[in-house]
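Engineer: Before I ask anything, let me first share the structure, which is written out below as structure tokens.
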Amino acid sequence: MTKESKQQQLVADMADLFNKISAYNKPIMEQALPGLTLSEIEVLELMVTIEDANVTKLAERYYMTRGAISKITKKMQTKELIETYQYPDNKKEVYFKLTSKGIAVERKHRRLHEFFYQRDKQVFKHVSEKTVDDMLSFLETYSTYMDGLKTRSS
Numbered sequence: 001m002t003k004e005s006k007q008q009q010l011v012a013d014m015a016d017l018f019n020k021i022s023a024y025n026k027p028i029m030e031q032a033l034p035g036l037t038l039s040e041i042e043v044l045e046l047m048v049t050i051e052d053a054n055v056t057k058l059a060e061r062y063y064m065t066r067g068a069i070s071k072i073t074k075k076m077q078t079k080e081l082i083e084t085y086q087y088p089d090n091k092k093e094v095y096f097k098l099t100s101k102g103i104a105v106e107r108k109h110r111r112l113h114e115f116f117y118q119r120d121k122q123v124f125k126h127v128s129e130k131t132v133d134d135m136l137s138f139l140e141t142y143s144t145y146m147d148g149l150k151t152r153s154s
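For the sequence shown, position 25 (counting from the first letter as 1) is numbered 25 according to the UniProt record's numbering, and the numbering increases by one without interruption.
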């Protein structure tokens with residue numbers, strides 16, 4: 001196998017693995033968090049990490065359109081997972097924060113991620129720290145490259 005074909009296989013295998021992980025985790029998430037879509041759950045998770053989360057910031061981080069994020073956040077408001085706020089000196093910008101219900105859902109989501117890690121950690125039992133470091137470095141490099149593509153296409 002040539003270096004180029006190995007690289008193509010790596011990209012295909014990464015996508016396949018991501019899809020497989022999602023397929024295995026999705027029914028567990030849906031059972032634990034009924035009535036919520038994966039997008040709503042992921043947006044909740046993002047809101048915890050983004051200061052003054054708004055539609056634009058969420059769209060950039062979730063790689064979705066602002067229109068799609070607006071629809072998701074409206075549904076989340078209806079489900080009382082989030083609420084909006086504004087600063088007195090800037091009535092134009094609308095920001096989101098989690099409600100107590102949203103915080104409870106996000107905590108449950110974090111516990112699910114811990115469950116998934118505990119379930120899957122045996123895979124890493126025989127993987128050296130250097131290999132993990134190399135993989136993390138590669139993923140960071142690839143992610144940065146993809147971010148550059150997004151910037152150039154905007």
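We put the CB at the ideal spot given by N, CA and C, even for glycine. Treat the numbers as computed from the prediction; the structure is a model and nothing was measured.
Identify the continuous alpha helix (DSSP H) that holds Asn90 and give its terminal residues.
Structural biologist: Here residue 90 refers to the residue found at position 90 when the sequence shown is read from its first residue. Premise fails: Asn90 lies in the beta strand (DSSP E), Asn90 to Leu98, not in any alpha helix (DSSP H).
Engineer: Return the Cβ separation of Asn25 and Phe116 in integer angstroms, given the expectation that the two are a contact with Cβ distance under 8 Å.
Structural biologist: By 1-based counting over the sequence shown, the position of residue 25 is 25. By 1-based counting over the sequence shown, the position of residue 116 is 116. Confirmed, about 6 Å.
Engineer: What residue range is occupied by the uninterrupted alpha helix (DSSP H) comprising residue 155?
Structural biologist: Outside the modelled stretch of the chain, which goes from 1 to 154, sits residue 155, for which no answer is possible.
Engineer: Taking 7 Å as the cut-off, does the CB of Ser22 come closer than this to any heavy atom belonging to the ligand GTP?
Structural biologist: The ligand GTP is absent from the structure shown, which contains no ligand whatsoever.
Engineer: Anyone know if the C-beta pair for Glu106 and Leu44 falls short of 8 Å?
Structural biologist: By 1-based counting over the sequence shown, the position of residue 106 is 106. By 1-based counting over the sequence shown, the position of residue 44 is 44. Yes; because the gap between Cβ atoms is below 8 Å, this pair is in contact.
Engineer: Please name the residue in Glu80, Asp13 and Ala104 whose C-alpha comes closest to that of Phe96.
Structural biologist: As a first step, residue 96 is located in the sequence shown; it is residue number 96 there, counting from the start. Of the listed residues, the one whose Cα sits closest to Phe96 is Glu80.
Engineer: So the candidates are Lys3, Glu42 and Glu4; which of them puts its Cα closest to the Cα of His109?
Structural biologist: Here residue 109 is taken as the residue at index 109 of the sequence shown, counted from 1. Nearest of Lys3, Glu42 and Glu4 to His109, Cα basis: Glu42.
Engineer: Please list, in chain order, all residues of the same chain as Gly102 whose beta carbon is under 7 Å from its beta carbon, the five residues on each side excluded.
Structural biologist: As a working note, residue 102 is residue 102 in the sequence shown. The residues are Leu44, Leu81 and Ile82.
Engineer: Please classify Glu106: does DSSP put it in a helix, a strand, or coil?
Structural biologist: As a working mapping, residue 106 is identified with position 106 in the sequence shown. Helix.
Engineer: Of the choices Ala23, Lys3 and Ala59, whose alpha-carbon is the least far from that of Glu40?
Structural biologist: The count along the sequence shown starts at 1 and reaches residue 40 at position 40. Per the Cα distances, Ala59.
Engineer: Grab the span of the beta strand (DSSP E) containing Glu83 for me, first residue to last.
Structural biologist: The count along the sequence shown starts at 1 and reaches residue 83 at position 83. First-last of the beta strand (DSSP E) with Glu83: Ile82 to Tyr87.
Engineer: Give the secondary structure of Glu51 by DSSP, where H, G and I count as helix, E and B as strand, and everything else as coil.
Structural biologist: For this step, residue 51 is matched to residue 51 along the sequence shown. Looking at Glu51 - three-state DSSP - the assignment turns out to be coil, as it is neither helix nor strand.
Engineer: Helix, strand or coil: how does DSSP classify Lys71 here?
Structural biologist: As a first step, residue 71 is located in the sequence shown; it is residue number 71 there, counting from the start. Lys71 falls in the helix class under three-state DSSP.
Engineer: Residue range of the alpha helix (DSSP H) that Met1 falls in?
Structural biologist: For the purposes of this step, residue 1 is taken as residue 1 along the sequence shown, with counting starting at 1. Counting along the chain, Met1 sits inside no alpha helix (DSSP H), nor does DSSP assign it H or E at all.
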